[in-house]
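Heads up, the thing below is written out as structure tokens.
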Amino acid sequence: KAGVTQTPRYLIKTRGQQVTLSCSPISGHRSVSWYQQTPGQGLQFLFEYFSETQRNKGNFPGRFSGRQFSNSRSEMNVSTLELGDSALYLCASSLEPLGRAYEQYFGPGTRLTVT
Amino acid sequence: LAKTTQPISMDSYEGQEVNITCSHNNIATNDYITWYQQFPSQGPRFIIQGYKTKVTNEVASLFIPADRKSSTLSLPRVSLSDTAVYYCLVGDSTGRRALTFGSGTRLQVQP
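Chains as they are written, first to last, in the numbering used here: chain R, -2 to 112; chain A, 184 to 294.
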């Protein structure tokens, strides 16, 4: 079974621009979660989508948004990029929504650099 | 929100058993305890999950005392490839609370 895939793997953007990251979950997984990882803040939960609905959201500004499609693929969008948004963005998928279990499978991440 | 506290780092040698303890004093009744492993430049990898007592799989064991205010991940006979950061995570049964990963424990295994 193919693992979680994320595209692109690396991205360089300029302050003020927006960016869209994509995540394809493991086949059959309907829950997709997004995380931001930085050296200073560690791993922080952004949001979870299950069956195209956002179930939960972390403590991030509204510039961070996401969506999930009917095939469970998910996209994350960050608008008006700031230097502090430079991070590794990780996507994780699971069979069940968070709460029923926490066995998630993470993708390799997208390394976003904002200049 | 159940905050977790783990040692920042640990050192071990190949072949030894490693026990990493996580403190989660304000864990709620129905919260799960989950552990992940992360190598540099990779996403975390699920290791084990438990609710109470002891859970064992082919990779590790998880010990949870009766009061559930802490948990211990046990890695038997570590090898160099177990050098990684280990995260303890407490998640609620509704999934409605934002997940919190702690700072993690950096395990260094030496030959």
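Backbone N, C-alpha and C define an ideal beta-carbon position, used for all residues, glycine too.
Are residue i and residue j closer than 7 Å when you measure CB to CB?
i: residue 12(R); j: residue 78(R); result: yes
i: residue 17(R); j: residue 53(R); result: no
i: residue 220(A); j: residue 271(A); result: no
i: residue 49(R); j: residue 30(R); result: no
i: residue 130(R); j: residue 94(R); result: The structure shown has nothing for residue 130(R), since chain R only spans -2 to 112.
i: residue 246(A); j: residue 235(A); result: no
i: residue 110(R); j: residue 23(R); result: no
i: residue 259(A); j: residue 197(A); result: no
i: residue 42(R); j: residue 32(R); result: yes
i: residue 85(R); j: residue 3(R); result: no
i: residue 105(R); j: residue 226(A); result: yes
i: residue 285(A); j: residue 204(A); result: no
i: residue 290(A); j: residue 193(A); result: yes
i: residue 222(A); j: residue 100(R); result: no
i: residue 96(R); j: residue 217(A); result: no
i: residue 210(A); j: residue 273(A); result: yes
Which one or two residues does DSSP pair with residue i in a beta bridge?
i: residue 246(A); result: 237(A) and 255(A)
i: residue 78(R); result: DSSP lists no partner for residue 78(R).
i: residue 274(A); result: 215(A)
i: residue 293(A); result: 196(A)
i: residue 101(R); result: Per DSSP, none; premise fails for residue 101(R).
i: residue 186(A); result: In the DSSP output, where bridge partners are listed per residue, residue 186(A) has none listed.
i: residue 231(A); result: 218(A)
i: residue 28(R); result: 47(R) and 91(R)
i: residue 108(R); result: 7(R) and 85(R)
i: residue 64(R); result: 72(R)
Would you say residue i faces chain R, with C-beta separation under 7 Å as the test?
i: residue 227(A); result: yes
i: residue 288(A); result: no
i: residue 217(A); result: yes
i: residue 293(A); result: no
i: residue 284(A); result: yes
i: residue 232(A); result: yes
Please determine whether the Cβ atom of residue i lies at a distance below 6 Å from any heavy atom of the ligand PLP.
i: residue 204(A); result: Only the bare structure without any ligand can be found here, which leaves the ligand PLP out of the picture.
Does any C-beta atom of chain A lie closer than 7 Å to the C-beta of residue i?
i: residue 109(R); result: no
i: residue 39(R); result: yes
i: residue 42(R); result: yes
Assuming residue i contacts residue j (C-beta within less than 8 Å), just tell me the rounded distance between them.
i: residue 264(A); j: residue 243(A); result: In fact, because the Cβ distance is near 14 Å, the residues do not count as touching under 8 Å.
i: residue 232(A); j: residue 89(R); result: Their Cβ separation, rounded to whole angstroms, is 14 Å, which puts residue 232(A) and residue 89(R) out of contact at 8 Å.
i: residue 63(R); j: residue 72(R); result: 6 Å
i: residue 195(A); j: residue 292(A); result: 5 Å
i: residue 76(R); j: residue 15(R); result: 4 Å
Subject >> Residues of the segment 242 to 267 of chain A with Cβ closer than 8 Å to any Cβ of chain R, in chain order >> reply: Only those residues of the segment 242 to 267 of chain A whose C-beta falls short of 8 Å from the nearest C-beta of chain R would be listed, and there are none.
Original post:
Any residues in the segment 94 to 106 of chain R with a beta carbon nearer than 8 Å to a beta carbon of chain A? Which ones, in chain order?
Top reply: Flagged, chain order: 94, 95, 96, 97, 98, 99, 100, 101, 102, 103, 104, 105 and 106.
Original post:
Residues in the segment 267 to 278 of chain A with C-beta within 8 Å of chain R's C-beta atoms, listed in sequence order?
Top reply: So the close ones are 270, 272, 274, 275, 276, 277 and 278.
Subject >> Near-chain A residues of the segment 76 to 88 of chain R (beta-carbon distance less than 7 Å), N- to C-terminal order >> reply: Within the segment 76 to 88 of chain R, the residues whose Cβ lies closer than 7 Å to some Cβ of chain A are 87, listed in chain order.
Original post:
Going along the chain, which residues of the segment 44 to 72 of chain R sit with their C-beta nearer than 9 Å to a C-beta in chain A?
Top reply: Of all residues in the segment 44 to 72 of chain R, only 44, 45, 47, 52, 53, 54, 55 and 56 come within less than 9 Å of chain A when Cβ atoms are compared, listed by chain position.
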